[in-house]
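Okay, structure first, notes after.
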Amino acid sequence: MMVVRIVLIVLGLVVLGGAAFAAFAWRSEIEPISGETAEFGADLLERGAQLAAVGNCIACHTVPGEKAFAGGLPLPTPFGTIYSTNITPDPETGIGRWSEEAFRRAMREGVDREGRHLYPAFPYDHFTRVTDEDNRALYAYLMTREPVRAEPRQNDLVFPLGFRPLLAGWKFLFLDKGPHQPVAEQSAEWNRGAYLAEGLGHCGACHTPRNALGAADSSRHFGGGEAEGWIAYAINESSPAPIPWNEDSLAFYLRNGWHELHGVSRGPMAEVTGNLGGLPDSDIEAIAIYVASIMGEPSDQRRAEADRLLEEVRSDAAKSGDVVQAVDSVVQPQGSDIHGEGAAIYAAACATCHESDRPLPFGGLDFRLSTAVNAASPQNIVNVTLFGLPPADGEASSVMPGFAGALDDRQVGELLAYMRARFSGREAWDGVEEMVRATRSGDYPVTIRPSDGIERAPTNVGAEY
Ligand code: HEC
Ligand code: HEC
Ligand code: HEC
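Quick look at the structure:
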């Protein structure tokens, strides 16, 4: 009797709990629209195009080489693979039957038209900040793209994450819903920058580390994360850049994709800067003001070190002729003898460009200024060394050949150990060779994207050069 009663109570609780959860997770369907294309003004469409570029919608919603916005791109996550959806106005397989209200709800709350919760691989934890007005422009822009019939692909997630109602729990914990609230003590420009960077620009999706459940760790805002096989360096007070960033250098970099004291943007960041290039100057400056304020003023010590470094680099560059020798005389590599092979590879394969007097973005950066050489992880320098830097389509942009075919894992290890010791003076990197192996074999998949937004397989890059 007793046992039966306990079983009944437990069952009752499970049912009640289940019902409560179902109510908590339930979202209503929003009525479909007829599918006839509404009329939108040219101004609205132009703004929508700009905003879509800031949000980089096309990158996640397009399989390289296929129709724009038709979805199907696999996004690997620690929990399995999620496929982006078709956001063209096709009525059957895209968002052709979505009203503006349904679109706004997806952006603000991560819920689709039929009421299903969406995975935060769609960065609605950032897009929730977008104003109704800007959502209208984005909606107008998407609803006027070419409709493409493309069925969404099945996600491949670890059990039980395929069950979407669970996402209600994730949102309860981590989604801070609602448009950007201006901070009264800050200027209008700062607020504009915060709106763009935290919202559509979703800088934190890559630059803020994530917790075990894949949500942004807000205690380490902009503290450095990763994206598509690349390290997205810290862009707060712990930025590893040898020369501290400031409003001017940030604005220049975000607009042009390179800066003479910081090098070029690579991997997913190349695409970000490529997209931001189309924004009005005032918006770029606003983002730079906001990010610079998050970075804060460098300490006196950091500033003094940077001044010293800059003076050193500039005086070397000014010395005529053999820059290689000049650099050697200033920076004595610690234990250079053990890096004999690395030094030889460097001199033969890298110095020709990186110690030429050619200015950026076509000449290589002096490695003493490189964040990649000074960062805690060598991943980005491994990527660049193996796969090179592709040119952007139709543009004269920086080009570096990939060395995947010319150097084996051990040689790349030797080369990077030498570069680290010679150019950064920081502690040696561990496990470079294993990282090279994993990167080369695709165990650690890296996407190389030029700024035209079309992803290319890394293996093509060397061949193209
Ligand atoms: C980092 C990758 C990424 C970016 C950037 C991105 N999306 Fe998505 N989006 C996704 C993924 C993945 C899904 C599917 C989520 C799911 O199935 O739960 C999605 C789903 C959506 C949906 C729901 C569609 C449906 O049929 O359910 C809409 C609407 C959408 N995205 C619009 C946008 C817009 C507008 C932008 C640009 C402002 C954008 N996305 C940028 C990854 C992205
Ligand atoms: C899709 C991922 C992604 C997004 C979104 C993104 N970044 Fe980046 N960012 C990266 C990666 C990866 C790097 C490192 C690239 C490299 O090695 O050149 C980077 C590098 C940078 C750097 C250079 C840091 C240094 O010291 O060299 C700055 C500055 C920067 N990002 C700012 C921003 C801002 C501001 C935004 C938002 C407007 C943003 N990023 C959005 C991935 C991203
Ligand atoms: C054909 C010329 C060329 C050669 C050869 C070359 N590079 Fe580059 N490299 C460039 C250019 C151009 C850039 C882009 C400007 C920049 O950021 O330094 C670049 C960028 C880099 C960067 C990014 C630096 C930063 O932080 O911005 C790294 C790392 C790098 N190269 C490593 C190497 C290594 C290692 C070798 C030799 C194995 C090499 N490069 C050979 C032209 C070259």
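Each residue of the sequence shown is one higher than the last, beginning at 225 in our numbering.
A virtual CB, placed ideally from N, CA and C, is assigned to each residue, including glycine.
Keep in mind that this is a model prediction, so the values were computed, not measured.
- If you check the C-beta of H285 against ligand 1, you find a heavy atom less than 7 Å away.
- About 16 Å separates the CB atoms of E324 and Y348; that is not less than 8 Å, and the two are not in contact.
- In the structure shown, the three-state DSSP call for G498 is helix.
- Secondary structure remark: continuous alpha helix (DSSP H) runs of at least 4 residues inside the stretch 580-665, in chain order: 595-598, 603-611, 633-647, 656-665.
- M331 is the residue among V660, N598, M331, A374 whose C-alpha sits nearest the C-alpha of E357.
- Each residue's CA atom was taken as its position, placing A408 and W414 some 10 Å apart.
- DSSP, reduced to helix, strand and coil, places T576 within a helical segment of the structure shown.
- When rounded, the separation of the alpha-carbon atoms in R373 and P302 is 30 Å.
- A distance below 8 Å separates the beta carbons of T595 and H486.
- For I455, no alpha helix (DSSP H) run applies; the uninterrupted beta strand (DSSP E) run containing it begins and ends at 454-456, by DSSP.
- An exposed status is given to R582, since fewer than 16 other beta-carbon atoms sit within 10 Å of its beta-carbon.
- Secondary structure at A436: coil, using DSSP grouped into helix, strand and coil.
- Annotation: the continuous beta strand (DSSP E) that includes L299 extends over 298-301.
- Put simply, of S665, G447, G588 the residue whose alpha carbon is nearest the alpha carbon of W482 is G588.
- Given a length threshold of 4 residues, each whole run of the alpha helix (DSSP H) inside the stretch 303-352 is given here in chain order: 324-333, 348-351.
- Between the stretch 449-458 and the stretch 379-395 there are fewer than three C-beta pairs closer than 8 Å, too few to call the two in contact.
- With distances taken between CA atoms, N607 lies nearest to P625 out of C427, P625, R592, W394.
- With a threshold of 16 other beta carbon atoms within 10 Å, Q274 meets it and is buried.
- Nearest neighbour of W250 by Cα position, chosen from G498, T309, K395, R634, turns out to be K395.
- In the structure shown, H431 adopts helical secondary structure according to DSSP, grouped into three states.
- Around the beta carbon of R353, a 10 Å sphere encloses 16 or more other beta carbons of the protein chains shown; the residue is thus reported as buried.
- With 16 or more neighbouring CB atoms inside 10 Å of its own CB, I467 falls in the buried class.
- Inclusion of M643 and F611 in the CB contact set at 8 Å is not warranted, their separation being larger than that value.
- A straight line joining the alpha-carbon of A392 with that of T309 spans about 20 Å.
- Here the distance from the Cβ of P347 to the nearest heavy atom of ligand 1 is below 7 Å.
- Per DSSP, E413 lies in no beta strand (DSSP E); the unbroken alpha helix (DSSP H) holding it starts and ends at 412-422.
- In this structure, G279 is the residue among G279, F248, Q405, T368 with its C-alpha nearest to the C-alpha of M493.
- Linking V239 to V227 through their CA atoms gives a straight-line distance of about 18 Å.
- The beta-bridge partner set that DSSP reports for V407 is empty.
- Counting along the chain, E565 sits inside the alpha helix (DSSP H) bounded by residues 564-569.
- H445 is bridged by DSSP to nothing; it lacks a bridge partner.
- The continuous alpha helix (DSSP H) containing L240 extends over residues 226-249.
- For the pair F398 and S580, the Cα-to-Cα distance works out to about 49 Å.
- Using a C-beta cut-off of 8 Å, the stretch 566-573 makes contact with the stretch 626-638, since at least three inter-stretch Cβ pairs fall below that distance.
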